[in-house]
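**Student:** Got a structure for you, questions after.
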Amino acid sequence: MGAALADQGVAVERVEGVANRDALADAGIVDAALFLLTDARQATAIPVAKDLNPDLRAVVYARESVPEFVRGQVDLVVDPALLEPATVAEELAA
């Protein structure tokens, strides 16, 4: 997904390892327009990211579902089996 977004001209920052508050802040989440999560096991990062940047658009691109407590904070969930990265990136970049 990161490469597909970069191909659309979107600046991409990645968080390696655990997406905790410090890692998200270091990646620039405070100034970001979009938070794309590709590992549903890291879903707790969504409320943390939204706390740091309430205007952030949170998108999950993963086969696994996100926990119930996170669903209300997610703007869009996409199953990779249904849409290819290039298609999703084109829509997100628009």
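Numbering (this note's numbering), first residue to last: 17 to 110. Here a beta-carbon is modelled for each residue, glycine too, at the ideal position from N, C-alpha and C. Quick caveat: nothing in here was measured; it's all calculated off a predicted structure.
1) Residue 37 lies in the alpha helix (DSSP H); which residues open and close that run?
2) Skipping 5 residues on each side, what residues in its chain have a beta carbon closer than 6 Å to that of residue 76?
3) Under three-state DSSP, which class holds residue 99?
4) Just grab the DSSP bridge partners of residue 50 for me.
5) Whose C-beta lies closer than 6 Å to the C-beta of residue 80 among residues of the same chain, with five residues either side of it excluded?
**Tutor:** On the basis of the coordinates in this document:
1) As a first step, residue 37 must be located in the sequence shown, where it is residue number 21. Segment 37–42, the alpha helix (DSSP H) holding residue 37.
2) Reading the sequence shown from its first residue, position 60 is the one you call residue 76. Counting only Cβ-Cβ distances below 6 Å, and skipping sequence neighbours, we find 53, 82, 90, 93.
3) Locating residue 99 in the sequence shown gives position 83, where the first residue counts as 1. Coil.
4) Within the sequence shown, residue 50 is the residue found at index 34, counting from 1. Per DSSP, 73.
5) Along the sequence shown, read from residue 1 onward, the residue named residue 80 stands at position 64. Take residue 80, set aside five residues on each side of it, and the residues of its chain with a beta-carbon closer than 6 Å to its own are 56, in chain order.
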